[in-house]
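Since the structure comes first, as structure tokens, the remarks are kept for the end.
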Amino acid sequence: MSVDARRIAGRGAAALAQGLLLANTLLVLLPMGFMVLSSFKTTREIFQRPFGWPASPSLRNYAAVWETAHFGVYFVNSVIVTVAAMLVILVAGTLAAYALGRYRFRGNDLLYLFFLSGIMVPIRLAIIPLFILMRDLRLLDTYWSLILVYAASGLSSAIFILTGFFRALPQDLDSAARIDGAGELNILMRVMLPLVRPALAIVAVYNVIPIWNDFFFPLVFIHQDRLKTLPLGMTVFFGEFAANWGLLFAGLTLAAAPVIGLYILMSRQFIKGLTAGAVKG
Amino acid sequence: MIAYPVLSAMAYSLFRWDGIVRGGFAGAANFQRLLTQYPYSMRMVTAFWHNVWTFALTMLVQNGLGLLFAVLLAGRTWGARAYRAIFFLPVTLSLVIVGFLWQLFLNPVWGPVNKLLAVAGLAGLARPWLGDSQTALTTLILVNAWRWVGFPTIVFLAGIQAIPEEYVDAARLDGAGPGAVFRRIVLPLLAPQVNVIVILTFIGAFNWFELPYVMQGVTGEPSHTTDVLGLLFYRSAFGGVDTGNPDVGLGSAIAVVMFAVILATSGLGAVYLRRREIEG
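Residue numbers (this note's numbering), protein chains in the order written: chain A, 295 to 575; chain B, 10 to 289.
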């Protein structure tokens with residue numbers, strides 16, 4: 295093969311690659327675009343002109359979703375549960391990882407392995423004992439049932455990721471701070487935390503998206519409509535308004551919007567956070 | 010909080026249950042019912058093979074495409090970062106959103122998928138994708154792949170980018186074409202990433218629940234053709250397999266079987282794949 299021919303083949307391969315990548319881009323973006331576009335249409339318009347631009351775009355569907363379909367309630371519930379669980383995971387995870395990563399003591403490794411084993415367990419298979427436990431603690435149909443389960447299942451990975459980061463920080467750091475008279479909490483808050491911030495971001499994304507999106511635990515633990523989180527609320531909403539597609543698409547768009555908005559702002563942290571564990575470094 | 014429920018799930022499977030009230034010790038009776046008594050045994054076998062098919066097709070389509078996209082995105086591909094971000098977007102979406110969205114898209118009468126086929130002059134291909142027992146499970150697996158494909162893409166891409174360029178250059182100098190470079194250099198060095206993805210896919214396939222539940226209902230419509238172990242487990246624990254009465258003993262037995270399958274296979278798989286990794 296002459297050099298020229300090889301260059302042409304290379305160019306052909308590059309064009310083919312771009313074609314495939316573009317095809318998948320459309321496969322991802324077109325459904326999302328169709329969803330958003332349809333949310334501004336009436337149901338009749340979606341049925342009659344599915345691919346057309348909305349004739350008279352209106353926010354009527356959104357207003358109806360927020361008011362009559364209780365989306366506001368579900369949304370607030372999701373925020374409460376996610377924020378509370380994340381607080382527990384980040385605070386308790388940091389404290390535990392700091393102790394495990396910076397101090398040698400008897401049982402350190404054993405404790406670390408114990409926390410680690412939590413990552414391996416598919417916790418959903420333990421839903422029956424968890425259900426009975428929550429029933430006996432009278433926590434069914436409360437935010438606490440969800441917060442506790444999410445915190446417990448998130449702590450393992452948080453401790454795993456943070457301990458690694460704390461271990462990697464040089465020993466001189468706390469020695470220097472200690473000589474300057476800093477207390478334990480001060481060392482953690484002022485010296486260590488700023489340095490492990492990237493790890494905290496990874497832990498946050500790794501947990502916040504699965505918690506926000508979770509459907510299984512609310513399905514089992516929550517039965518009162520006013521306590522349902524967004525994913526569970528969606529099933530109620532889809533049952534109630536099955537024939538009103540304009541409303542359904544508005545609901546889907548509204549439910550997807552917060553995550554997509556955050557993703558557009560910080561896609562790099564999202565990708566890193568959600569693949570943490572499967573990708574090294 | 011984590012060890013206690015797992016151990017109790019095992020203990021629960023050894024008792025008789027009346028609804029969610031524990032009765033006497035039952036020994037292996039729950040497992041015996043699960044494996045030999047109609048309809049449990051039949052449902053169990055059907056669901057099990059659906060999980061196996063889910064794993065196999067997901068490996069082929071989702072992870073195959075993920076590997077392809079990773080190869081295409083490695084190197085100095087134009088727009089690689091934008092593609093990467095777009096491909097990963099659906100991974101962040103709730104499976105409930107994904108499930109309902111595609112349920113509307115695949116609606117036999119009003120859904121845009123069949124309408125698009127009609128516009129393209131392929132109306133003959135249009136069908137009730139989710140209502141036809143021939144296509145329902147495969148359609149479900151493809152929707153799942155639509156949501157997940159960005160994940161293996163990113164993992165494989167990170168692996169490929171970690172391969173030292175000298176290796177590839179040296180092979181090129183020795184006259185290896187792109188195909189040979191991929192098979193002899195890239196693929197063997199990608200073994201750790203492949204292992205992670207195989208194991209995660211296996212665990213995901215055998216824990217599959219949300220998408221079948223949202224799109225096909227708790228019984229895996231049409232007529233159990235999309236029934237999977239996750240649905241069967243949920244039904245028996247919280248709703249009854251065919252009767253509507255919860256059966257905690259049976260549900261716990263299913264959980265124990267699933268747990269054993271996942272643990273044994275991913276454990277053995279990890280050991281086997283790790284060994285191949287070192288030799289390769």
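No residue lacks a Cβ here, since even glycine has one placed at the ideal position from N, Cα and C.
Euclidean distance between Cα positions of residue i and residue j
i, j, result
"residue 289(B)", "residue 203(B)", "Low confidence applies to residue 289(B): its pLDDT is 46, below 50, so where it sits in the model is not reliable enough to give any reading."
"residue 76(B)", "residue 191(B)", "11 Å"
"residue 46(B)", "residue 35(B)", "16 Å"
"residue 555(A)", "residue 470(A)", "42 Å"
"residue 167(B)", "residue 401(A)", "35 Å"
"residue 572(A)", "residue 32(B)", "43 Å"
"residue 420(A)", "residue 263(B)", "11 Å"
"residue 463(A)", "residue 283(B)", "30 Å"
"residue 220(B)", "residue 176(B)", "42 Å"
"residue 365(A)", "residue 521(A)", "12 Å"
"residue 384(A)", "residue 515(A)", "24 Å"
"residue 79(B)", "residue 229(B)", "34 Å"
"residue 408(A)", "residue 189(B)", "45 Å"
"residue 276(B)", "residue 215(B)", "14 Å"
"residue 296(B)", "residue 169(B)", "Outside the shown range of chain B (10 to 289) lies residue 296(B), about which nothing can therefore be said."
"residue 333(A)", "residue 567(A)", "31 Å"
"residue 387(A)", "residue 268(B)", "27 Å"
"residue 496(A)", "residue 131(B)", "46 Å"
"residue 530(A)", "residue 453(A)", "36 Å"
Contact with chain B by residue i, beta-carbon distance below 9 Å
i, result
"residue 524(A)", "yes"
"residue 328(A)", "yes"
"residue 541(A)", "no"
"residue 557(A)", "yes"
"residue 550(A)", "yes"
"residue 333(A)", "no"
"residue 528(A)", "yes"
"residue 469(A)", "no"
"residue 376(A)", "no"
"residue 318(A)", "yes"
"residue 433(A)", "no"
"residue 297(A)", "The predicted model places residue 297(A) with a pLDDT of 39, which falls under 50 and marks its position as unreliable; any figure quoted below should be read in that light. So no, residue 297(A) is outside the interface."
"residue 506(A)", "yes"
"residue 511(A)", "no"
"residue 336(A)", "no"
Beta-carbon spacing of residue i, residue j below 9 Å
i, j, result
"residue 109(B)", "residue 265(B)", "no"
"residue 507(A)", "residue 379(A)", "no"
"residue 227(B)", "residue 240(B)", "yes"
"residue 86(B)", "residue 312(A)", "yes"
"residue 96(B)", "residue 569(A)", "no"
"residue 291(A)", "residue 544(A)", "Any property of residue 291(A) remains undetermined from this structure, which presents chain A solely from 295 to 575."
"residue 489(A)", "residue 456(A)", "no"
"residue 67(B)", "residue 210(B)", "yes"
"residue 255(B)", "residue 158(B)", "no"
"residue 19(B)", "residue 112(B)", "no"
"residue 146(B)", "residue 26(B)", "no"
"residue 445(A)", "residue 370(A)", "no"
Test: residue i CB closer than 9 Å to a CB of chain A
i, result
"residue 163(B)", "yes"
"residue 280(B)", "no"
"residue 225(B)", "no"
"residue 94(B)", "yes"
"residue 222(B)", "yes"
"residue 21(B)", "yes"
"residue 202(B)", "yes"
Helix, strand or coil at residue i [DSSP, three-state]
i, result
"residue 33(B)", "strand"
"residue 474(A)", "coil"
"residue 508(A)", "coil"
"residue 87(B)", "coil"
"residue 136(B)", "coil"
"residue 570(A)", "strand"
"residue 301(A)", "Unreliable placement is indicated for residue 301(A), whose pLDDT of 48 sits below 50; no coordinate value is reported for it."
"residue 360(A)", "helix"
"residue 141(B)", "coil"
"residue 438(A)", "helix"
"residue 400(A)", "coil"
"residue 24(B)", "strand"
"residue 256(B)", "strand"
"residue 230(B)", "coil"
"residue 498(A)", "helix"
"residue 391(A)", "helix"
Near the ligand FAD: residue i beta-carbon under 8 Å from a heavy atom
i, result
"residue 476(A)", "The model on display carries no ligand, and the ligand FAD is accordingly not part of it."
Whole alpha helix (DSSP H) elements within the region 512–565 of chain A, 4-residue minimum | 524–534 and 539–559
Considering only residues of the region 157–190 of chain B, which uninterrupted alpha helix (DSSP H) runs meet the minimum length of 4 residues and lie entirely inside it, listed in chain order?
-> 159–170, 174–182 and 187–190
Ignoring anything shorter than 4 residues or poking outside the region 307–377 of chain A, list the alpha helix (DSSP H) runs there in chain order.
-> 337–342 and 354–361
Where in the region 447–492 of chain A do unbroken runs of the alpha helix (DSSP H), each at least 4 residues long, occur, reported from the N-terminal end onward?
-> List check, alpha helix (DSSP H) in window: 466–473.
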